[in-house]
Amino acid sequence: MQQLSGEAIFDRFQYLQGQRQTLSWMWEDLARFTDPQRADVLTQRTLGDKRPSPLDITACKAVDNLAFGIYSTVLNPGDQWFSLRSTYPEINEILEVSRWFEKSRNLMMMKMSADGNRFYSQIGGMLKDLVVFGTAIFYVEEVSGTNKIIFRCFHPKNVFIESNNLGVIDVVVRKFTLTARSAKMEFGDAVSDKINHAYDKNPNTQFEFLHFVGPVMDGKYQTVKKGKPFCSYFVESGTKKIVKEGGYYEMPYQTPRWSVRGEFDYGESPTWNALASIKMINKMKQLTIEG
Numbered sequence: 039m040q041q042l043s044g045e046a047i048f049d050r051f052q053y054l055q056g057q058r059q060t061l062s063w064m065w066e067d068l069a070r071f072t073d074p075q076r077a078d079v080l081t082q083r084t085l086g087d088k089r090p091s092p093l094d095i096t097a098c099k100a101v102d103n104l105a106f107g108i109y110s111t112v113l114n115p116g117d118q119w120f121s122l123r124s125t126y127p128e129i130n131e132i133l134e135v136s137r138w139f140e141k142s143r144n145l146m147m148m149k150m151s152a153d154g155n156r157f158y159s160q161i162g163g164m165l166k167d168l169v170v171f172g173t174a175i176f177y178v179e180e181v182s183g184t185n186k187i188i189f190r191c192f193h194p195k196n197v198f199i200e201s202n203n204l205g206v207i208d209v210v211v212r213k214f215t216l217t218a219r220s221a222k223m224e225f226g227d228a229v230s231d232k233i234n235h236a237y238d239k240n241p242n243t244q245f246e247f248l249h250f251v252g253p254v255m256d257g258k259y260q261t262v263k264k265g266k267p268f269c270s271y272f273v274e275s276g277t278k279k280i281v282k283e284g285g286y287y288e289m290p291y292q293t294p295r296w297s298v299r300g301e302f303d304y305g306e307s308p309t310w311n312a313l314a315s316i317k318m319i320n321k322m323k324q325l326t327i328e329g
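What follows is the structure, given as structure tokens:
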């Protein structure tokens with residue numbers, strides 16, 4: 039198999055970014071009127087920047103109510119909201135097997151509540167993204183060498199997805215930034231000379247990276263981790279240099295979508311259909327204020 043290059047990954051990212059350009063404008067509009075904290079899809083903002091504020095917050099409250107409703111009824115940490123069972127019914131009847139499933143379920147729920155309820159604090163944001171954008175990104179990975187699991191909700195604006203012939207999302211490219219200091223901590227000596235120089239002179243300098251996860255198939259990808267069906271590459275965008283590679287047994291990026299139509303990879307949300315009415319109400323409120 040031929041190893042995937044940094045240049046090829048960067049080209050794939052640019053292609054997926056171009057394919058979603060029109061949708062990004064729609065997401066900006068949706069966030070502006072229903073979730074202002076996410077209204078930076080097309081505009082680069084920093085922490086503390088003034089965000090666009092709708093004149094009528096009815097839609098914002100509706101988004102919160104729907105997201106919280108799903109959270110409290112489906113994913114309530116006070117309930118045992120899932121169970122483990124075998125696909126073979128006769129095995130579930132064995133007492134020892136049933137007890138093992140129950141013990142495993144309890145351990146999973148305990149892990150979700152560990153480290154300051156990391157899972158539950160992140161899943162709320164994921165549900166809100168799902169209601170607003172129709173597509174949400176939830177990342178799950180075990181920290182190597184520890185007994186900890188990372189749960190993170192990423193802004194959909196930074197993640198680009200692609201489905202296979204069965205309509206399953208099997209390619210994810212995430213764009214993110216790290217300071218020179220963080221990049222050195224994460225990737226060590228694999229970073230470019232430019233980052234090494236910044237690390238010595240100004241360690242808070244920001245650099246862009248890509249994380250590519252895709253299937254090991256068709257002779258296009260290979261992973262240094264044998265037997266793992268998904269390969270992972272971290273690429274320094276400025277130099278297109280691969281700074282870290284590995285693999286996963288399962289896709290670490292979960293991409294729930296509210297509803298999917300046709301061959302479109304991204305989902306539609308209930309907020310889409312309400313956007314025209316939301317804009318009209320805000321316009322009416324503006325005219326009322328202006329007198």
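Here the working numbering is used: the first residue of the sequence shown is 39, the next is one more, and so on.
Just so it is clear, CB atoms sit at the ideal spot from N, CA and C, and this is done for glycine as well.
According to DSSP, is residue i part of a helix, a strand, or is it coil?
| i | result |
| --- | --- |
| Met39 | Because the pLDDT of Met39 is 44, which lies under 50, any placement of that residue in the model is unreliable, and the question is left without a value. |
| Lys239 | helix |
| Val209 | strand |
| Leu145 | helix |
| Lys357 | Missing from the structure shown is residue 357; the chain here goes from 39 to 329 and no further. |
| Ser136 | helix |
| Tyr109 | helix |
| Pro294 | coil |
| Leu104 | helix |
| Gln118 | coil |
| Thr125 | coil |
| Gln244 | strand |
| Leu165 | helix |
| Arg190 | strand |
| Phe170 | The displayed chain sequence assigns Val, not Phe, to residue 170. DSSP places Val170 in helix when its eight states are reduced to three. |
| Gly257 | Low confidence applies to Gly257: its pLDDT is 43, below 50, so where it sits in the model is not reliable enough to give any reading. |
| Ser315 | helix |
Give the C-beta separation of residue i and residue j to the nearest angstrom, bearing in mind that I take them to be a contact with Cβ-Cβ under 8 Å.
| i | j | result |
| --- | --- | --- |
| Ala307 | Leu80 | According to the sequence shown, residue 307 is Ser rather than Ala. Ser307 to Leu80, Cβ: 18 Å. No contact. |
| Phe198 | Gln75 | About 21 Å separates the two Cβ atoms, so there is no contact after all. |
| Ala312 | Ala97 | 7 Å |
| Gln160 | Arg123 | Contact doesn't hold; Cβ gap of about 26 Å is too wide. |
| Arg212 | Asn196 | 6 Å |
| Arg309 | Leu93 | Checking the sequence shown, residue 309 turns out to be Thr, not Arg. About 17 Å separates the two Cβ atoms, so there is no contact after all. |
| Val281 | Ala228 | 4 Å |
| Leu266 | Gly285 | The question names Leu, but residue 266 is Lys in the sequence shown. Indeed, because the Cβ distance is near 3 Å, the residues count as touching under 8 Å. |
What does the Cβ neighbour count give for residue i, buried or exposed, with the cut at 16 atoms within 10 Å?
| i | result |
| --- | --- |
| Lys88 | exposed |
| Trp65 | buried |
| Tyr53 | exposed |
| Thr215 | exposed |
| Lys166 | buried |
| Pro127 | exposed |
| Asp303 | buried |
| Ala314 | exposed |
| Tyr287 | exposed |
| Gly300 | exposed |
| Tyr329 | This sequence places Gly at residue 329; Tyr is not what is there. Exposed is the call here. |
| Gly44 | buried |
| Met164 | buried |
| Ala152 | exposed |
| Gly183 | exposed |
Residues in its own chain within less than 8 Å of residue i by CB, not counting five upstream and five downstream?
| i | result |
| --- | --- |
| Ile188 | Arg156, Tyr177, Val178, Glu179, Glu180 and Val181 |
| Arg58 | Phe198 and Tyr304 |
| Leu61 | Tyr304 |
| Asn240 | Ala218 |
Closer than 7 Å by C-beta to residue i: which residues in its own chain qualify, once you throw out the five before and the five after it? Chain order, please.
| i | result |
| --- | --- |
| Trp119 | Val112 and Leu113 |
| His193 | Arg76 |
| Val170 | Leu68, Ala69, Thr72, Asp73, Arg76, Val101, Ser307 and Thr309 |
| Lys317 | Phe71 |
Once the 5 residues before and after residue i are set aside, which same chain residues still bring their CB inside 6 Å of it?
| i | result |
| --- | --- |
| Phe333 | Because the chain spans 39 through 329 in this model, residue 333 falls outside it and cannot be assessed. |
| Tyr158 | Pro115 |
| Phe225 | Val281 and Lys282 |
| Ala105 | Leu165, Lys166 and Val169 |
query = Counting Cβ pairs, one atom from each stretch, are 3 or more of them under 8 Å apart for the region 236-247 and the region 210-227?
reply = yes
inquiry  = Within 8 Å, do at least three Cβ pairs link the region 264-283 to the region 139-155?
reply    = no
request  = Count the C-beta pairs between the region 282-296 and the region 172-179 that are closer than 8 Å, then say yes if the count reaches three, no if not.
outcome  = yes
ask   = Looking at C-beta atoms only, is the number of pairs between the region 192-208 and the region 294-303 that lie closer than 8 Å three or more?
value = yes
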